[in-house]
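Asker:
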Amino acid sequence: MEKAETVRAADTCLRILERIAFADSPVGVTQISTDVGIAKGAAFKHLRTLIEHGMIVQDPVTSHYALGPKLWLMAQQAPAGASLAELALPLMRATRDELGMAVVLSIPAPRSAVILATVSSNQPIEIGVRPGSELSLHSSAQGKVFLAFGSPDLLGTLPDTLPQVTPKSLTSKTALAAQLDGIRAAGYATAPEESLLGINAIAAPILGSQNQLLGSIGLIASIQHLGAVPTPSQLKALFALTREIGLRVSQ
12 MEKAETVRAA DTCLRILERI AFADSPVGVT QISTDVGIAK GAAFKHLRTL
62 IEHGMIVQDP VTSHYALGPK LWLMAQQAPA GASLAELALP LMRATRDELG
112 MAVVLSIPAP RSAVILATVS SNQPIEIGVR PGSELSLHSS AQGKVFLAFG
162 SPDLLGTLPD TLPQVTPKSL TSKTALAAQL DGIRAAGYAT APEESLLGIN
212 AIAAPILGSQ NQLLGSIGLI ASIQHLGAVP TPSQLKALFA LTREIGLRVS
262 Q
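The sequence shown runs 12 to 262 under this note's numbering.
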């Protein structure tokens with residue numbers, strides 16, 4: 012197999028794993044092939060490979076697929092993210108109870124902000140995102156936090172003309188760079204209607220004992236309840252949450 016084909020095959024297997032991992036229940040081959048964008052026959056081949064390596068299992072009754080024991084064992088060798096989520100979740104729930112908003116824990120990835128854990132809002136209309144979801148760096152509050160407080164090289168990986176996710180999202184890299192200066196000064200980022208119309212998010216960094224970036228906490232709500240300019244009480248709750256998580260992680 013040519014090197015390029017090997018890379019594509021590996022990429023497809025990883026996307027299949029992600030689809031299975033973040034599904035609410037075991038998923039069938041038809042849904043997998045549709046979501047990943049490959050033929051059903053190709054999906055079968057990749058699924059068989061993943062089964063042989065213990066990464067997934069197939070239900071003999073429904074023929075649906077779920078994560079396998081090998082992945083669970085591998086996950087035990089990477090406790091940092093799990094520890095962060097375990098420490099953060101009780102504090103996130105308390106903030107949700109205080110504000111009524113969805114609370115989201117994200118970690119940086121090379122091209123996105125990855126949702127590690129979520130606490131749903133307690134409002135009649137639920138607003139939130141699933142763990143494993145990836146948010147764009149330029150049009151999400153969490154992504155902007157990682158651009159502002161993370162590696163200086165991260166901004167350089169973005170194209171000069173940014174994808175327009177909604178009519179409200181930034182498309183100029185120069186304008187984004189200027190916005191990041193303000194985020195560093197304020198200590199938080201917002202993204203009113205930039206990822207989804209009608210929805211706003213505010214986010215702040217979680218910093219470790221050496222001031223290193225560990226992740227980000229975002230508050231998500233409708234623009235009605237979380238305006239483009241956050242209230243002092245919302246910011247106070249956000250900063251208190253990120254500060255306490257950072258302290259607990261550093262202990």
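C-beta atoms are modelled at their ideal positions from N, C-alpha and C, and glycine is treated no differently.
Say whether the segment 126–144 touches the segment 250–259, bearing in mind that this needs 3 or more beta-carbon pairs closer than 8 Å, one atom from each stretch.
Answerer: They do not touch, by the three-pair rule.
Asker: In the segment 202–227, which residue ranges form an unbroken beta strand (DSSP E) of at least 3 residues, counting only runs that do not cross its ends?
Answerer: Those beta strand (DSSP E) runs which fall completely within the segment 202–227 and span 3+ residues are 210–218.
Asker: For H57, count neighbouring C-beta atoms within 10 Å of its own C-beta (all shown protein chains included) and say buried if the count is 16 or more, exposed if not.
Answerer: Buried.
Asker: Just the Cα atoms here: how many angstroms apart are K303 and T201?
Answerer: Look at the range of the chain in this structure, 12 to 262, and you will see that residue 303 is not part of it.
Asker: Relative to the alpha-carbon of V72, which residue among V38, G52, S94, L61 has its alpha-carbon at the smallest distance?
Answerer: Nearest option by C-alpha distance: V38.
Asker: Ignoring anything shorter than 3 residues, give me the beta strand (DSSP E) runs that lie fully in the segment 42–72, in order along the chain.
Answerer: 67–69, all fully within the segment 42–72.
Asker: Give the single residue among S36, R59, F55, R30 whose Cα lies nearest to the Cα of V47.
Answerer: Ranking the options by Cα distance to V47, first place goes to R30.
Asker: Find the nearest neighbour of T177 within the set L208, W83, P243, judged by alpha-carbon distance.
Answerer: Nearest of L208, W83, P243 to T177, Cα basis: L208.
Asker: Am I right that I62 and T23 are in contact with their C-beta atoms under 8 Å? What's the rounded C-beta distance?
Answerer: With 8 Å as the limit, I62 and T23 do not qualify as a contact, their Cβ atoms being about 15 Å apart.
Asker: Considering only DSSP beta bridges, list what A232 is partnered with.
Answerer: Per DSSP, N211.
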